[in-house]
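What follows is a set of notes on a single structure, which appears directly below.
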Amino acid sequence: MRLRAPLVRATAGLAVARLVSGALLVVATIVVARAADASTLGVFGLALTAGVYASVVADCGISQYLLPALGRRPRAEWPELWADVVRFELRTALPFAVAYAFAVGILMPDGQRLALLAAAPWWLLIRFNGAARSVFTVAERVAHEAIACIVEAAVALVAVTVAVLLTDSPALATLALSVGAAGGLMLRVHGLRRLGIAGGRAVRGARDLAHAALPFAGFTILTTLYLRIDVVLLSLLASQRALGLYQPPVRFATALIILPDALASILLGRAARSPEGRDVKRRQEQLLAVGVPIGLALVALCAVAGKPVLGALYGPEFREAWLALTLLAATVPVALVAAVNGNALTARGRQRDRVICLAAASVVAVAAGVPAIALWGFNGAAAVSLLNELVLAAGYALALGRRSLLLPRLRTA
570 MRLRAPLVRA TAGLAVARLV SGALLVVATI VVARAADAST LGVFGLALTA
620 GVYASVVADC GISQYLLPAL GRRPRAEWPE LWADVVRFEL RTALPFAVAY
670 AFAVGILMPD GQRLALLAAA PWWLLIRFNG AARSVFTVAE RVAHEAIACI
720 VEAAVALVAV TVAVLLTDSP ALATLALSVG AAGGLMLRVH GLRRLGIAGG
770 RAVRGARDLA HAALPFAGFT ILTTLYLRID VVLLSLLASQ RALGLYQPPV
820 RFATALIILP DALASILLGR AARSPEGRDV KRRQEQLLAV GVPIGLALVA
870 LCAVAGKPVL GALYGPEFRE AWLALTLLAA TVPVALVAAV NGNALTARGR
920 QRDRVICLAA ASVVAVAAGV PAIALWGFNG AAAVSLLNEL VLAAGYALAL
970 GRRSLLLPRL RTA
């Protein structure tokens with residue numbers, strides 16, 4: 570099998586960097602669990618999820634919109650588009666932050682409120698980081714993004730470690746994440762300047778840009794909703810201890826799911842240029858033929874070694890989360906297939922169809938999640954996460970049809 574070198578380098582570089590970043594975040598949860606207890610880890614994990622939700626909503630689909638938008642535009646127009654994005658992010662930061670603080674103050678109980686408020690600086694910063702990542706991805710200049718991604722996670726890990734050594738408060742540990750995000754942002758701004766992207770003049774208002782990105786807003790919000798609604802439902806229906814025991818499987822799965830996400834990001838820019846290109850389709854099928862077996866091997870590894878590994882890393886009480894870890898690991902190969910087929914819809918201008926499929930998966934996430942968690946706790950939450958991915962992959966397959974469906978194949982012609 571021969572793969573085009575730039576595609577391999579870009580995909581591998583971004584995937585490795587984000588896998589390292591995800592692994593460092595896993596280490597941060599180990600530090601919190603060892604320094605405190607499962608309940609503290611549960612609040613910390615809930616704050617992470619709330620921050621991601623807030624960031625995705627406040628991003629309004631801009632980061633995802635940039636992938637095909639940059640792929641279709643000549644390079645000379647990129648600084649102008651980036652200036653539009655920067656103006657949008659700056660003008661909407663304060664209103665979104667106020668709305669977030671108001672919602673947390675009203676909806677969250679005292680034991681969780683402070684930690685979720687501490688997530689605000691972090692998610693405001695990662696909005697900018699996510700948008701900058703899209704620029705590096707489409708430009709196929711992932712080296713700087715890879716460095717920024719790893720440095721961001723490493724600095725955050727150090728800050729979280731210092732925080733939990735000073736106090737067992739999950740709020741301080743959550744606030745420490747913003748230190749890493751700030752470091753990552755500085756590196757990304759430097760990289761954008763080197764690419765000649767920074768310094769452009771904005772030509773569109775924030776409202777116009779948000780309107781252009783509206784279909785992608787629905788996509789990103791629904792993606793995040795179905796992907797981590799299990800954590801939210803578990804926080805509502807189970808104890809903080811159960812939420813804490815579920816965090817190691819979630820963090821491991823989040824680190825592993827970075828590979829499909831990185832692959833999808835790289836390939837979307839290429840697919841947008843040639844949505845019907847046979848060569849692009851063949852490359853994607855070849856990469857699936859490599860990625861899916863690796864994902865299945867990881868599932869087998871989690872089933873065999875999950876219990877002792879969780880016990881050794883987090884503590885004896887976390888051993889009981891091995892089944893949830895195995896189920897969440899099984900979402901990775903399914904997510905890989907779903908990601909590239911979802912890209913095929915987006916590249917063909919069928920983003921609305923993609924959003925409909927995501928909406929169906931989100932409905933399943935809630936409708937099946939509530940009874941599953943009530944009956945089986947965090948194992949039920951993990952099982953529904955796998956079901957969500959299967960529903961999404963099936964929806965994309967039906968939307969594309971047999972002719973355009975992408976499956977693992979090693980064909981060379």
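Just add 569 to wherever you are in the sequence shown, counting from 1, and you've got our numbering. Ideal Cβ placement from N, Cα and C applies to all residues, glycine included.
Kindly give me the distance between the Cβ atoms of Leu1007 and Val704, rounded to whole angstroms, as I take these residues to be in contact under 8 Å. Nothing about residue 1007 can be read from this structure; the chain reaches only from 570 to 982.
C-beta contact flag for Ala688 and Ala602 at 8 Å: Mapped onto the sequence shown, residue 688 falls at position 119. Mapped onto the sequence shown, residue 602 falls at position 33. Their beta carbons are not under 8 Å apart, which means Ala688 does not touch Ala602 by this criterion.
Measure the C-alpha to C-alpha separation of Glu958 and Gly640 and round it to an integer number of angstroms. Within the sequence shown, numbered from 1, the residue matching residue 958 stands at position 389. Within the sequence shown, numbered from 1, the residue matching residue 640 stands at position 71. Glu958 and Gly640: Cα-Cα distance of roughly 27 Å.
Could you compute how far the alpha carbon of Val800 sits from the alpha carbon of Leu650? By 1-based counting over the sequence shown, the position of residue 800 is 231. By 1-based counting over the sequence shown, the position of residue 650 is 81. Distance between the alpha carbons of Val800 and Leu650: 35 Å.
Hey, could you find the ends of the alpha helix (DSSP H) Ser931 is sitting in? Looking up residue 931 in the sequence shown gives position 362. 920 to 945 is the extent of the alpha helix (DSSP H) around Ser931.
Near Ala547, what residues of its chain come up, given a Cβ to Cβ distance below 8 Å and the 5 sequence neighbours on each side ignored? The question about residue 547 has no answer here: the residues shown for the chain are numbered 570 through 982.
Count the C-beta pairs between the segment 758 to 765 and the segment 718 to 726 that are closer than 8 Å, then say yes if the count reaches three, no if not. no
Are Ile815 and Ala745 touching if we call contact CB-CB under 8 Å? Counting from one through the sequence shown, the residue named residue 815 turns up at place 246. Counting from one through the sequence shown, the residue named residue 745 turns up at place 176. A quick correction: the sequence has Tyr, not Ile, at residue 815. No, the pair does not count as a contact, with Cβ atoms beyond the cut-off.
So, under 8 Å CB-CB, Cys871 and Leu905 are touching, yes? Tell me the CB distance rounded to an integer number of Å. Here the question's residue 871 lines up with position 302 in the sequence shown. Here the question's residue 905 lines up with position 336 in the sequence shown. Not a contact, Cβ separation roughly 16 Å.
Within 10 Å of its beta-carbon, does Leu576 have 16 or more other beta-carbons around it, so buried, or fewer, so exposed? Sequence index remark: in the sequence shown, residue 576 carries index 7 (1-based). Per-residue confidence for Leu576 stands at a pLDDT of 48, beneath the threshold of 50, marking its modelled position as unreliable; no derived number is given.
Extent of the continuous alpha helix (DSSP H) to which Cys718 belongs: For the purposes of this step, residue 718 is identified with residue 149 of the sequence shown, where counting begins at 1. Counting along the chain, the alpha helix (DSSP H) containing Cys718 begins and ends at 711 to 735.
Taking the C-alpha atoms as reference points, what is the distance between Met789 and Pro678? One-based indexing of the sequence shown puts residue 789 at position 220. One-based indexing of the sequence shown puts residue 678 at position 109. Here residue 789 turns out to be Thr, not Met, going by the sequence shown. About 27 Å.
Measure how close the beta-carbons of Ala750 and Ile798 come, nearest whole angstrom, since I'm counting them as under 8 Å. Against the sequence shown, residue 750 aligns to sequence position 181. Against the sequence shown, residue 798 aligns to sequence position 229. 24 Å between Cβ atoms; not a contact.
Measure the alpha-carbon distance for Gly860 versus Ser590 and round it to whole angstroms. Counted from its first residue, the sequence shown places residue 860 at position 291. Counted from its first residue, the sequence shown places residue 590 at position 21. If you take the alpha carbons of Gly860 and Ser590, they lie about 19 Å apart.
Report the residue from Leu754, Val935, Arg710, Leu865 whose alpha carbon sits nearest the alpha carbon of Thr793. Here residue 793 is taken as the residue at index 224 of the sequence shown, counted from 1. With distances taken between Cα atoms, Thr793 lies closest to Val935.
Would you mind sorting Ile826 into buried or exposed? The rule is 16 or more other CB atoms within 10 Å of its CB. Taking the first residue of the sequence shown as 1, we reach residue 826 at position 257. Label assigned to Ile826: buried.
Coil, strand or helix - Gly875 by DSSP: As a working mapping, residue 875 is identified with position 306 in the sequence shown. Gly875 falls in the helix class under three-state DSSP.
Output the boundary residues of the alpha helix (DSSP H) element that contains Pro664. What you label residue 664 is simply residue 95 of the sequence shown in a count that begins at 1. 647 to 676 is the span of the alpha helix (DSSP H), which, as asked, contains Pro664.
Would Asp737 pass as a contact of Ala605 if the rule is Cβ separation under 8 Å? Working through the sequence shown from its first residue, we reach residue 737 at position 168. Working through the sequence shown from its first residue, we reach residue 605 at position 36. Contact flag set, yes.
Going along the chain, which residues of its own chain have a beta-carbon closer than 7 Å to the beta-carbon of Leu956, five neighbours each way excluded? Taking the sequence shown and counting its residues from 1, one reaches residue 956 at position 387. Val933, Ala937.
By how many angstroms is the C-alpha of Arg917 removed from the C-alpha of Ala742? Counted from its first residue, the sequence shown places residue 742 at position 173. Counted from its first residue, the sequence shown places residue 917 at position 348. C-alpha separation (whole angstroms): 43 Å.
Three-state secondary structure (DSSP) at Val621? Within the sequence shown, the letter at position 52 stands for residue 621. Val621 falls in the helix class under three-state DSSP.
Inspect the beta-carbon positions of Val868 and Ala898 and report whether they are closer than 8 Å. Within the sequence shown, residue 868 is the residue found at index 299, counting from 1. Within the sequence shown, residue 898 is the residue found at index 329, counting from 1. Yes, the pair counts as a contact, with Cβ atoms nearer than the cut-off.
Smallest Cα separation from Arg770: which of Val600, Pro885, Glu646? The residue labelled residue 770 in the question sits at position 201 within the sequence shown. Of Val600, Pro885, Glu646, the residue nearest in Cα terms is Glu646.
Under a three-way DSSP split, which group does Leu576 fall into? Stepping through the sequence shown from its first residue, residue 576 is reached at position 7. Annotation note: pLDDT 48 at Leu576 (below 50); position unreliable, coordinate value reported separately. Three-state DSSP puts Leu576 in a helix.
Smallest Cα separation from His713: which of Met755, Val748, Ala684? Residue numbering aside, residue 713 sits at position 144 when the sequence shown is read from its first letter. Closest by alpha carbon: Met755.
Could you tell me if Phe613 is buried or exposed, where buried requires 16 or more neighbouring beta carbons within 10 angstroms of its beta carbon? As a working mapping, residue 613 is identified with position 44 in the sequence shown. So Phe613 counts as buried.
Inter-residue Cα distance where the pair is Gln855 and Pro977: Stepping through the sequence shown from its first residue, residue 855 is reached at position 286. Stepping through the sequence shown from its first residue, residue 977 is reached at position 408. For Gln855 and Pro977, the distance between alpha carbons rounds to 6 Å.
Going by C-alpha distance, which of Thr598, Thr609, Val600 is nearest Ser808? For this step, residue 808 is matched to residue 239 along the sequence shown. If we check each option's Cα against that of Ser808, Thr609 comes out closest.
Out of Ser624, Asp653, Leu663, which one is the CA nearest neighbour of Gly699? The residue given as residue 699 occupies position 130 in the sequence shown. The option with the nearest alpha carbon to Gly699 is Ser624.
From Val729 to Ala592, what does the alpha carbon distance come to, in whole angstroms? For the purposes of this step, residue 729 is taken as residue 160 along the sequence shown, with counting starting at 1. For the purposes of this step, residue 592 is taken as residue 23 along the sequence shown, with counting starting at 1. Straight-line Cα distance between these residues: approximately 14 Å.
Assign Arg852 to one of two classes, buried (16 or more other C-beta atoms within 10 Å of its C-beta) or exposed (fewer than that). For this step, residue 852 is matched to residue 283 along the sequence shown. Arg852 comes out buried.
Element boundaries [alpha helix (DSSP H), containing Ile798]: Counted from its first residue, the sequence shown places residue 798 at position 229. Its alpha helix (DSSP H) spans residues 783 to 806.
Continuous alpha helix (DSSP H) stretch holding Phe821: start and end: By one-based count along the sequence shown, residue 821 stands at place 252. Residues 809 to 825.
Just confirm the distance between the C-beta atoms of Leu914 and Leu969, as a whole number of angstroms; I'd bet it's less than 8 Å. Locating residue 914 in the sequence shown gives position 345, where the first residue counts as 1. Locating residue 969 in the sequence shown gives position 400, where the first residue counts as 1. Yes, they are in contact, since the Cβ atoms of Leu914 and Leu969 sit about 7 Å apart, within 8 Å.
Three-state secondary structure (DSSP) of Met755: Walking along the sequence shown from the start, residue 755 turns up at place 186. DSSP places Met755 in helix when its eight states are reduced to three.
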